[in-house]
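Following: one structure in structure tokens, then a few remarks.
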Amino acid sequence: MTKIIFVYGAENPAARKLIEDFYRDGHRVYAGVTGNNKETIEAIRKNCQDVTAFMINPADISSVKKAADYIREKEGHLDILVLSSEKRCTDDGEIGKIHDYEEIMKVYDFNVNGVFKTIQTFLPLLRLGNTKRIAFLNRAESSINWCLNTVNYAYHMSLASINMMLKIYFNALRPEGFTFRNYCWDEDENGKRLIMPARDYILRDFYNEPHEAFRSEENRLVMRDSFHREIPW
């Protein structure tokens, strides 16, 4: 069945790959490009001619609303919202050494509040769809248990905050029938064999039995990688 999908953060490699995969599968795909990345828009238009790409400024909610209004007019609803947020500080080295605190706050605002504004803006369209799915392209570095890095403080704190944001949305929206996908794509960029690519994980429906919450993947927020391993928070 053809899905209506909006991918936010399309300038990021995993999001670009996902757009191309969805497009080849015949889904109706829309892309939101952040960071004034005109090269990405040109590449999307070249490789995926039927994908409409929007330039999104996370600091300006009107640019997000413009994309949502366009999709509402064209499609009437949205099935899946995919989010990716990868902005980092230009110089955010070893923690506790040299940091530009003003830039740290800008990165945090760009990543976290950009995702938040996008979810809020697209919720009415998602409620009109049948799938009602929100997905985030994550990194294992967002896990307190799996993170081994000592640099990129702003970026890591952004991902950790988005994890909590997703959990709060999960608590609020799961009773309405929303489902969530939190996918870590680290292995993909290293060229390892993928057991479950992002496209497959985001599109797949999982076991849903409300009375068996521990084994019912749809009824708990799970973070998995491309080997389908559950990553502890």
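What the sequence shown shows, in numbering that gives the first Met the number 0, is residues 0 to 232, in sequence order.
C-beta: ideal position from N, C-alpha, C; glycine also.
Whose CA, out of the options, lies closest to the CA of residue i?
i: serine 84; options: Pro231, Asn56 and Thr1; result: Asn56
i: arginine 173; options: Leu158, Leu122 and Met195; result: Leu122
i: tyrosine 22; options: Tyr154, Asn181, Arg44 and Gly176; result: Arg44
i: proline 231; options: Ile201, Ala197 and Tyr182; result: Tyr182
i: proline 12; options: Glu93, Asn144, Asp185 and Ile167; result: Asp185
i: phenylalanine 155; options: Leu165, Arg138, Phe169 and Asn170; result: Inspection of the sequence shows that residue 155 is occupied by histidine rather than by phenylalanine. Cα-wise, what sits closest to histidine 155 is Arg138.
i: leucine 233; options: Lys105, Val150 and Ala134; result: Only positions 0 to 232 of the chain appear in the structure, and residue 233 is not among them; the question remains open.
i: lysine 73; options: Val150, Ile4, Tyr152 and Asn170; result: Ile4
i: isoleucine 238; options: Tyr200, Val150, Ile118 and Glu41; result: The shown model of the chain, from 0 to 232, leaves out residue 238, and the question about it has no answer.
i: valine 234; options: Asp20, Ser141 and Val63; result: Nothing can be reported for residue 234: it is not among the residues displayed for the chain, which extend from 0 to 232.
i: arginine 71; options: Arg126, Asn170 and Glu38; result: Arg126
Which residues does DSSP list as the beta-bridge partners of residue i?
i: valine 150; result: Partner(s): none; valine 150 has no beta bridge.
i: methionine 222; result: Asn181
i: glycine 31; result: Tyr7 and Phe53
i: leucine 80; result: Phe5 and Ile133
i: glutamate 229; result: Arg223
Alpha carbon to alpha carbon, how far is residue i from residue j?
i: alanine 58; j: aspartate 108; result: 8 Å
i: leucine 136; j: asparagine 36; result: 19 Å
i: phenylalanine 205; j: arginine 27; result: 23 Å
i: valine 32; j: methionine 163; result: 24 Å
i: cysteine 146; j: glycine 95; result: 17 Å
i: serine 157; j: asparagine 144; result: 16 Å
i: asparagine 148; j: asparagine 112; result: 24 Å
i: leucine 82; j: isoleucine 97; result: 30 Å
i: phenylalanine 177; j: lysine 116; result: 18 Å
i: arginine 87; j: serine 215; result: 35 Å
i: leucine 124; j: tyrosine 152; result: 34 Å
i: isoleucine 105; j: threonine 89; result: The residue asked about is misnamed: residue 105 is lysine in this sequence, not isoleucine. Rounded to whole angstroms, lysine 105 to threonine 89 spans 11 Å at the Cα level.
i: isoleucine 40; j: glutamate 140; result: 28 Å
i: asparagine 233; j: tyrosine 69; result: This structure cannot settle anything about residue 233, because the visible part of the chain is limited to 0 through 232.
i: lysine 65; j: aspartate 24; result: 26 Å
i: aspartate 20; j: methionine 54; result: 21 Å
i: glutamate 101; j: glycine 34; result: 18 Å
i: cysteine 47; j: glutamate 38; result: 14 Å
i: isoleucine 60; j: leucine 165; result: 19 Å
i: glutamate 175; j: methionine 0; result: 22 Å
Please return the same chain residues whose Cβ sits closer than 6 Å to the Cβ of residue i, not counting the five positions on each side in sequence.
i: glycine 128; result: His76, Leu77 and Asp78
i: alanine 30; result: Val6, Ala9, Ile18, Ile43, Val50 and Ala52
i: arginine 132; result: Ile79 and Thr178
i: serine 160; result: Val111
i: glycine 92; result: Val150
Which same chain residues, not among the five before or five after residue i, have their C-beta less than 8 Å away from its C-beta?
i: glutamate 229; result: Val221, Met222 and Arg223
i: aspartate 187; result: Because aspartate 187 sits at a pLDDT of 48, beneath the cut-off of 50, its placement in the model cannot be relied upon, and the point is left open.
i: arginine 287; result: Here the chain covers residues 0 to 232 and nothing more, so residue 287 does not appear.
Apart from the five residues on each side of it in sequence, which residues of its chain come closer than 7 Å, Cβ to Cβ, to residue i?
i: methionine 195; result: Ser225 and His227
i: threonine 130; result: Lys2, Asp78 and Ile79
i: alanine 67; result: Thr120, Phe121 and Leu124
i: asparagine 207; result: Ser215, Glu217 and Asn218
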